[in-house]
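> Handing you this structure, nothing more for now.
2 protein chains.
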Amino acid sequence: MSAAGFRQFSEEVNAWQPSLLREVFQQHQHQIRVKKEAVAVERLELIFRTALDISNRQGFRAMSVRDLSEATGISMGALYSYIDSKESLLDMILSYGACAAGWAMRVPDSVGSARERLRWILRAHLYLSEVMLPWFFFSYMETRHFSRQFRRQAIGSELWTEHLVADCLRDGNERGEFNVEDPELTAALIKPLLQDWYLKRWKYRQRDIDVERYTSTVLDFVEAYVVRGAVSDASQQHPKEKP
Amino acid sequence: MSAAGFRQFSEEVNAWQPSLLREVFQQHQHQIRVKKEAVAVERLELIFRTALDISNRQGFRAMSVRDLSEATGISMGALYSYIDSKESLLDMILSYGACAAGWAMRVPDSVGSARERLRWILRAHLYLSEVMLPWFFFSYMETRHFSRQFRRQAIGSELWTEHLVADCLRDGNERGEFNVEDPELTAALIKPLLQDWYLKRWKYRQRDIDVERYTSTVLDFVEAYVVRGAVSDASQQHPKEKP
DNA sequence: TAAAACCGAGCGAGCGCTCGCTCCCGGAGC
DNA sequence: GCTCCGGGAGCGAGCGCTCGCTCGGTTTTA
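Residue numbers (numbering that gives the first Met the number 0), protein chains in the order written: chain S, 0 to 242; chain L, 0 to 242.
Structural data, given as structure tokens:
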């Protein structure tokens, strides 16, 4: 997955959507009574999209299954042949997003300098959250209501991204590209900058700021701090100071 | 309100708590059937604290009034002589926090340089959110479920803090202390750094990072970006380069 | 024409809220 | 000093309603 321009990124993700849905269908086949994959995949997409839409306005618990039935145009009975409980709907929605995230965030090890890798990670995260905004918002806002196991999972993936960034910062320190006193804490501070993009979307839309503008501002903001006083803060010209 | 040390800040706020509760009681007297102020204030404090605790785990809508009754030890009937509906409880909780915030965030105009004023604002915000963590968390997470009027209010106060910061950045630009290309967008990026402190508290507690450590790291992070390439980036030694 | 998909009235549980009642306490009457 | 009593505070079973979910019957598909 490249992260060059947002348009290209977006198209690549959308091209993968159908196969993601098929994977979710197969993973949860034991709790779906509908047999035909083609029918199920189409309906699941509608159900997930609608459920995310309602949940993000009212909250998942406040969304009644009747609401979902009316909004999708699928009767109560039919709905319950795609899910076997409201909780399993949550489960499916979460694994749908997790599949997508896991697929899109595979960092290519071809990326050279720490600075470039940091850029790659932050850009991929922001672009992905732009494409799958409803899912990211949902996942952030509903985590605290999950059962223990789902909550563990969500916390795990939160920390996983942070470790990715922290490792990158430590690597940059060693190469002399960065000068970060506490990589863990710095990574923890970078995370909310990524998350604000999907949490306060109304604010940025209101100000006509698009994802590429936001991304480049965040990169400037972060880099101003991490390269401050580094051995070499022009790492792009001298990618390796140490062997 | 000074913002020197957290301990002192915390004590000042706590000393004000009782009079804040009395103000809330008087403001909402028409929907509280209990007459005696002393009784009401004591009970309201218990009710608010418990309601915030349950809501922050389950969500306000998912908190049943029976849950609240059991957790406080106040019977259903008695509870409904302190509130006249679940919605009015929300109303009271919100004005309780708004009173406290409005009181604590009055910026003293004695503060000199833009850099010092920026520090004051960020520090006051972080310290206040530390003292009133449950309220800030609640207010952030529940905003989207509010009725139109409450939501407007919440969005307004979100933007108010941002304007405070943006004004400060513009002022710093004029004085040559800062070099910020887009003060509005930068202020928008600073906000989530303040909010992460009360939104992801578990993360920082787990890593033994206290509010003063967090505050100073955020200040470093922000200042590295805003003073980058300023006319005078050592404004503390030379507070005024321009007349 | 059998299988697959769809339908929606109906179930018990739990919701926000009410109301008829009891408990408790301070001061008036003797 | 004791009795009595009015009203503020507290109580919890029960109301009308909506929730998640089911099931027997109907329509569509291949």
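All residues carry an ideal CB built from backbone N, CA and C; glycine is no exception.
If we define contact as Cβ-Cβ less than 8 Å, is I53 (chain S) a contact residue for chain L?
no
> Any idea what DSSP makes of K34 (chain L), helix, strand or coil?
coil
> Nearest CA to the CA of R60 (chain S): which residue from S:K202, S:F137, S:P191 and S:R227?
The candidate whose alpha carbon is nearest that of R60 (chain S) is S:F137.
> Drop a sphere of 10 angstroms on the beta-carbon of Q7 (chain S), count the other beta-carbons inside from all chains shown, and report buried for 16 or more, exposed for fewer.
exposed
> E176 (chain L) by DSSP, collapsed to three states: which one?
In the structure shown, E176 (chain L) adopts coil according to DSSP, grouped into three states.
> Please work out which residues of its chain come closer than 8 Å, Cβ to Cβ, to I46 (chain S), disregarding the five sequence neighbours upstream and downstream, and give them in chain order.
L67, T71, I73, L78, Y81, I82 and L88
> Which residues in the same chain as M62 (chain L) place their Cβ atom closer than 8 Å to its Cβ, once the five residues preceding and following it in sequence are excluded?
A50, I53 and S54
> Buried or exposed, going by whether 16 or more other CB atoms sit within 10 Å of the CB of Q194 (chain L)?
buried
> Residues of chain L with CB under 7 Å from D184 (chain S), in chain order?
Reading the sequence as shown, one finds Leu at residue 184 (chain S) and not Asp. Within chain L, the residues placing a beta-carbon under 7 Å from that of L184 (chain S) are I208 and T216, ordered along the chain.
> Is Y224 (chain L) close to chain S? Criterion is C-beta to C-beta, closer than 8 Å.
yes
> What's the gap between the Cα of F220 (chain S) and the Cα of C167 (chain L)?
18 Å
> At what residues does the alpha helix (DSSP H) containing S138 (chain L) begin and finish?
L132 to E141
> Below 6 Å CB to CB, which residues in the same chain sit around A223 (chain L) once its five sequence neighbours on both sides are set aside?
none
> Would you say F135 (chain S) reaches chain L, if we count a Cβ-Cβ gap shorter than 8 Å as a contact?
no
> Can you pull out the residues from the stretch 119–147 of chain S whose beta carbon lies closer than 8 Å to at least one beta carbon of chain L?
M140, R143 and H144
> DSSP on S18 (chain L), reduced to helix/strand/coil?
When secondary structure is reduced to three states using DSSP, S18 (chain L) falls in the helix class.
> Could you compute how far the alpha carbon of G228 (chain L) sits from the alpha carbon of Q152 (chain S)?
Going by the C-alpha atoms only, they are around 43 Å apart.
> Against R56 (chain S), what residues of chain L qualify as contacts under a CB-to-CB distance less than 8 Å, listed in chain order?
What R56 (chain S) touches in chain L, judged by beta-carbon distance under 8 Å, is R143, going in chain order.
> Tell me the rounded alpha-carbon separation between E183 (chain S) and K199 (chain L).
Using only the alpha carbons, I get a separation of about 14 Å.
> Just to make sure I have the definition right: I need the residues of chain S whose C-beta is within less than 7 Å of the C-beta of K202 (chain L). Which are they?
A187
> For D108 (chain L), which three-state DSSP category applies?
Annotated three-state conformation of D108 (chain L) is coil, per DSSP.
> Rounded to the nearest angstrom, how far is the Cβ of A186 (chain S) from that of V217 (chain S), given a contact under 8 Å?
The Cβ separation is near 14 Å, so there is no contact.
> Can you name, in chain order, every residue of its own chain whose Cβ lies under 6 Å from the Cβ of F5 (chain S), other than the five neighbours on each side?
Y126, V210 and E211
> Listing by chain order, which chain S residues have their CB less than 9 Å from the CB of R6 (chain L)?
Neighbours of R6 (chain L) on chain S: none; closest Cβ ~22 Å, over 9 Å.
> Take R116 (chain S) as the anchor and find which of S:Y139, S:R174, S:F24 and S:L158 has the nearest alpha-carbon.
S:R174
> Along chain L, in chain order, which residues have C-beta atoms closer than 8 Å to that of D195 (chain S)?
A187, L188, K190 and P191
> Report the neighbours of R60 (chain S) on chain L: residues whose CB is nearer than 9 Å to its CB, in chain order.
Q57, G58, R60 and A61
> Residues of chain S with a CB under 7 Å from the CB of F220 (chain L): which are they?
L188 and Y224
> Between W196 (chain S) and S112 (chain S), is the Cβ-Cβ spacing less than 8 Å?
Not closer than 8 Å, so no.
> Where do the N-terminal and C-terminal ends of the alpha helix (DSSP H) with R251 (chain L) fall, by residue?
As displayed, chain L neither begins before 0 nor continues past 242, which places residue 251 (chain L) out of reach and without an answer.
> Name, please, each residue of chain L whose Cβ falls closer than 7 Å to the Cβ of R227 (chain S).
A223
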